[in-house]
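Heads up, the thing below is written out as structure tokens.
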Amino acid sequence: MVDAFIPIGSMVPLTGPSAADGAEFRKGVILAAEEVNARGGLLGRPIKPIFADTGRQGAEDVVAAARALIGTHKVHAIVNGYNIGPQNSEYEPVAEAGVIYIHANTLLQHHDTVMSDPDRYFGCFMTDPADYWYGPGFLKFISWLRDSGQWKPSSNRIAIVSGSKPYSIVIAQAMAASAAKFGWRVSFGPEIVQTPTSDWREALDAIRATEPAVIANTHFYSGDLASFQLQFMERPTDSLVYLQYGAMHQSFSDIAQGKGVGVLTSTVIGLLRDEMGQSFASRYVARFGEGSTPHIGCQSYSALHHYVLAASLAGGSAGPGGFEQNRKVAKALKAVIYRSVSGTIRYDEQWQAAAPYPVVSQDPSLGLPHLFFQIQDYRKPLALIAPEPFNTDRFVLPFWIDARG
Amino acid sequence: MADGEAATEANAGRVFAGFNALPNGAAVWDETGALLFANRAFRQSFDFALPVGLPYARFLTAVAASREWRLPVPPELWIADQAVAFGDESEADYKSADGRVVRMSIAPVDGGGAVTMLSDVTAAERREATLLAAKEKAEAVDEAKSRFLRAANHDLRQPLAALKIMIFNCVRETDEARRRELLHGMDVSASVMEDLLGALLQIGQLDAGRIKPRIATFQLSTLFERLEIQFRHQAADKGLRLRIVGARAAVSSDRALLERILSNIVANALRFTDVGGVLVGCRRRGDGLRIDVVDTGRGVPPEDQERIFDEFYRAADDRRLEKTGLGLGLNIVKRLSDLLGHRIQLKSAPGAGSRFSVFVPLGNVWHSEVVETEVNEAVAGEFVGAPILLVEDDDALREAMGQLLDRWGVDRRSAAGAEEAAAIVAGGFRPRLIIADYSIRMSTGLDVIAHVRAVSEAEIPACIITADAEPGVVERVRAAGVPLMVKPVSPPRLRVMMHHLLFERDPV
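Sequences listed follow chains C and V, in order. In our numbering, each residue carries its 1-based index in the first sequence increased by 124. Counting along the second sequence from 1, when you hit position 470 you're at 469 in our numbering, and nothing is skipped either side.
Quick look at the structure:
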């Protein structure tokens with residue numbers, strides 16, 4: 125007997141500090157499932173999302189969520205956004221059950237784990253590029269500002285400060301490793317600061333002493349980053365300030381307000397502002413209300429659509445134990461190049477992770493764009509300033525440099 | 000008579016039909032230059048009407064106006080020339096707008112007038128062009144081969160002769176020191192021959208058009224790094240300073256070929272510099288970049304500045320020098336830069352050193368290739384370079400854990416027991432983290448941790464791994480304030496533990 129619906133699991137933080145992101149990942153999955161079902165489902169069968177709360181997103185929380193989805197709900201796949209803490213430990217129950225797992229954890233560890241045993245981890249996919257790519261991507265970006273004459277750096281020095289999460293450390297080290305290649309010299313750091321923290325004054329004093337042209341903070345909590353920016357503004361230097369990912373959030377601007385104007389930030393997976401992206405955003409807001417944020421929900425939304433396409437191509441999905449069929453789905457996921465509302469998701473054959481544009485793929489039709497933003501008016505959406513052809517705005521010299529120059 | 004006329008008319012009809020069946024165009028003009036007849040193929044060759052009686056001059060004007068044919072001279076001139084030559088025997092080929100080649104032949108008709116014939120010779124022309132290209136290529140290859148043989152004869156003879164003498168002497172030599180000297184000499188001769196063959200092969204490939212550039216945008220700094228590694232020792236051996244000024248630009252060129260150009264120039268600069276040094280750097284020039292190789296060498300006299308790029312050119316005083324100068328390096332530079340379209344400039348004067356410059360277009364940094372796309376945790380993980388001491392007495396387990404740590408890029412030392420661990424620390428290794436098995440031969444992991452901390456005079460973070468989760472052991476480890484993991488330890492759990500011990504204040 126065939127089940128009426130196909131159960132699809134999703135591990136999202138519905139409670140705890142990341143509940144706001146979790147709510148959006150949940151909405152993304154719901155909207156994608158509704159669209160898929162309106163089109164007739166997966167080869168005629170409707171899909172049904174089942175959510176498991178990952179709370180504080182530690183390894184135990186996420187592994188428990190995976191076990192519940194697989195053991196109790198017999199899901200055919202787990203599709204979600206990111207969970208910060210499991211460090212790939214959730215891959216074990218997934219590998220043992222032989223189901224498909226697509227996430228946006230943005231971790232280099234994913235490459236390592238998958239490549240250490242490709243046969244075991246055949247079903248594990250990362251729908252966005254690894255954290256590592258933030259490093260060389262950022263170096264390319266500031267070199268582009270420099271080489272195209274949009275900004276004249278006061279020196280070739282760059283200061284790098286990191287939070288204490290693996291994600292931040294990897295990005296900081298990747299930045300440091302690529303700096304020389306693009307003509308930059310790391311004058312400070314990468315300095316690892318215990319996070320969460322709201323006190324950055326000691327690090328900032330040490331940074332100011334090296335008079336860098338660029339200050340990059342790879343920590344990603346928006347509140348902590350807002351403190352960093354406010355403390356930087358107590359005595360600003362002639363430096364561009366880049367704050368990793370967290371400055372994308374409204375909560376950053378709510379705290380930093382006018383003092384955050386000029387700050388640079390980026391994401392390796394975001395919502396494009398083209399016709400596809402805008403159409404998605406309006407469907408999303410129409411479905412979930414004004415307060416919802418489609419630029420976060422797009423991650424799980426795209427991942428689920430991609431999964432359904434691949435599973436249809438493979439001739440269907442399978443629940444726990446259905447190794448043979450799910451291997452076909454995994455193969456199809458690598459074969460199907462999917463232009464999502466965030467840009468193109470093309471899984472690397474070995475890494476099983478999306479390749480970024482323009483750092484790995486120089487072809488915008490084959491990589492997920494690493495989007496660079498600047499806060500230009502803290503009450504308005506961020507300005508998308510790079511890379512071409514996705515940008516909609518121009519870089520503006522931060523006022524604290526302007527005033528001094 | 001009437002029958003005869005009818006027969007003639009019938010025959011004429013058949014003649015016309017026959018002409019119309021011809022694949023080639025044919026037209027007949029009377030002695031005044033008026034059109035008597037044009038067959039179907041002729042009419043179809045033009046998109047204008049060809050009524051009987053059309054004057055030849057009007058026909059020419061219509062051809063020129065149609066722009067279907069590419070005329071060799073301005074239209075008025077062509078019309079005039081053709082009109083004057085009416086009735087003379089001639090033949091000319093015209094390229095048509097759609098790429099075909101049409102041959103127009105004109106022949107006089109007895110009693111006045113002329114016949115014009117058109118034929119499509121596109122295929123024949125193409126075959127001829129292909130044949131010609133093949134012939135030229137064969138000749139070039141042949142020429143390259145001859146040159147190769149001449150060169151081989153020219154430059155291989157000398158080291159070969161030296162080699163034969165040295166082999167001969169070496170066989171008879173009994174003195175060990177002298178023998179070693181001869182063997183070294185043979186080694187040098189062999190590498191000279193090797194270099195020469197390599198260079199000749201490159202030139203041969205260039206001549207045969209086998210080197211196809213692959214233009215990409217890349218960071219010049221990666222290429223400079225490689226130059227530095229390649230020439231650092233050579234410069235030091237000669238007592239020269241080699242300075243390579245870091246570059247930040249992205250350039251658009253062929254990475255491998257540009258490297259060959261620069262390495263040939265640097266090798267040349269080092270060879271002809273006896274005191275001082277060689278400097279490599281670059282400057283922005285318009286929308287391009289000038290890469291300079293500056294030396295404090297002998298310099299090139301003005302009359303030689305063109306010739307130094309020729310094959311087998313050698314400076315007049317070079318013959319007395321060590322036989323490493325092959326006279327091919329700068330020729331390769333010239334050929335490769337021609338291939339890439341990079342201008343080469345030389346500024347030099349005798350006794351004042353030289354500056355060789357290569358002009359390269361700048362690339363768009365967005366499109367620059369990041370060399371390491373094969374990233375993994377050994378290259379960029381959070382544990383890269385962290386010094387870690389692993390103490391485990393089970394050989395298989397130590398090996399497996401060691402491999403895991405290596406994959407994460409850890410600076411790892413492994414010990415099978417307490418003594419080995421003590422020796423590693425005594426040798427100066429200062430770990431940032433100790434991972435120790437609890438029960439190791441004659442001792443415990445806790446003892447090792449205490450010892451290493453005492454020697455290092457630091458509270459180095461540590462954790463204990465044990466297969467023996469007996470309450471007594473757990474109690475002792477807890478009492479020592481060291482976190483404990485029970486075997487088998489999965490990679491994610493180990494990773495989480497290492498992260499906390501290395502980077503977070505409060506271990507979980």
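Glycine included, each C-beta is placed from N, C-alpha and C at the ideal position.
Cβ separation of Val460/C and Leu396/C, assumed to be a contact under 8 Å, to the nearest whole Å:
About 19 Å; that fails the 8 Å criterion.
Give the single residue among Gly24/V, Arg297/V, Asp46/V and Glu419/V whose Cα lies nearest to the Cα of Ala351/V.
Arg297/V
Under 8 Å between C-beta atoms, does Ala477/C make it to chain V?
no
Extract the residue ranges of the alpha helix (DSSP H) inside the stretch 236 to 319 of chain V, only unbroken runs of 4 or more that lie entirely within it.
254 to 270
Note down the Cα distance separating Ala425/V from Asp405/V, rounded to an integer number of angstroms.
23 Å
Touch check for the stretch 262 to 280 of chain V and the stretch 235 to 247 of chain V: three-plus C-beta pairs under 8 Å?
yes
Taking the beta carbon of Pro71/V as the centre, do at least 16 other beta carbons fall within 10 Å, making it buried, or is it exposed?
exposed
Could you pull out every unbroken alpha helix (DSSP H) segment of at least 4 residues lying fully inside the stretch 90 to 164 of chain V, listed in chain order?
121 to 150
Whole-angstrom distance between Ile387/V and Pro430/V, CA atom to CA atom:
5 Å
The stretch 349 to 368 of chain V touching the stretch 442 to 462 of chain V, judged by at least three CB pairs closer than 8 Å
no
Output yes or no for whether 8 Å exceeds the beta carbon distance between Leu364/C and Val338/C.
yes
Suppose the cutoff is 7 Å on Cβ atoms and the five residues either side in sequence are ignored; what does the same chain contact list for Pro488/C look like?
Tyr481 and Pro513
Given this structure, state the Cα-to-Cα distance separating Gly324/V from Glu142/V, to the nearest angstrom.
Any reading at Gly324/V must be qualified, since the residue scores a pLDDT of 49, below 50, and its modelled position is unreliable; no value is offered.
Chain-ordered neighbours of Trp275/C on chain V, where CB pairs are closer than 8 Å
Correct list: empty, because the minimum Cβ distance to chain V is about 13 Å.
Using 8 Å as the threshold, is the C-beta distance between Leu166/C and Ser436/C below it?
yes
Going by DSSP in three states, Asn161/C sits in which element: helix, strand or coil?
helix
Tell me the DSSP secondary structure of Gly306/C in three-state form.
The amino acid occupying residue 306/C in the given sequence is Phe; Gly does not appear at that position. It is helical.
Which residues share a DSSP beta bridge with Phe175/C?
Ser134/C
Which bits of chain C does Val383/V rub up against, with CB to CB less than 7 Å?
Gln297
Quick one, which of Glu8/V, Asp29/V and Ser252/V has its alpha-carbon nearest Gly110/V's?
Asp29/V
I want to verify the contact list: residues of chain C whose CB lies under 7 Å from the CB of Val495/V, in sequence order.
Ala183 and Gln211
Between the Cα of Phe149/C and the Cα atoms of Ala162/C, Ser134/C, Arg169/C and Arg163/C, which residue gives the shortest distance?
Ser134/C
Examine the ligand SAH and report whether any of its heavy atoms sits within less than 7 Å of the Cβ of Asp252/C.
Looking for the ligand SAH in the displayed structure turns up nothing, as the structure carries no ligands at all.
Keeping to the same chain, check which residues put their C-beta closer than 7 Å to that of Gln229/V; ignore five residues upstream and five downstream.
Ser262
DSSP puts Leu388/C in a beta bridge; with which residues?
Tyr366/C and Gln498/C
Nearest neighbour of Leu490/C, chosen from Glu326/C, Pro131/C, Ser426/C and Ala479/C [CA to CA]
Ala479/C
By how many angstroms is the C-alpha of Arg359/C removed from the C-alpha of Val317/C?
20 Å
Name the DSSP beta bridge partners of Tyr462/C, please?
Ile469/C
If we ignore side chains and look at the alpha-carbon of each, how far apart do Gln297/C and Arg281/C end up?
16 Å
Reduced DSSP category for Tyr258/C - H, G, I as helix; E, B as strand; rest coil
helix
Contact criterion: CB-CB distance below 8 Å. Does Tyr256/C meet it with respect to chain V?
yes
So is Trp324/C in contact with chain V if we call contact Cβ pairs under 8 Å?
no
Rounded to whole angstroms, how far is the Cβ of Gly408/V from the Cβ of Glu376/V, which I believe are closer than 8 Å?
6 Å
7 Å Cβ cut-off: residues of chain C touching Gln218/V
Lys305 and Phe306
Any chain V beta carbon closer than 8 Å to Glu220/C:
no
Where does Gly328/V sit, in a helix, a strand or coil, going by DSSP?
helix
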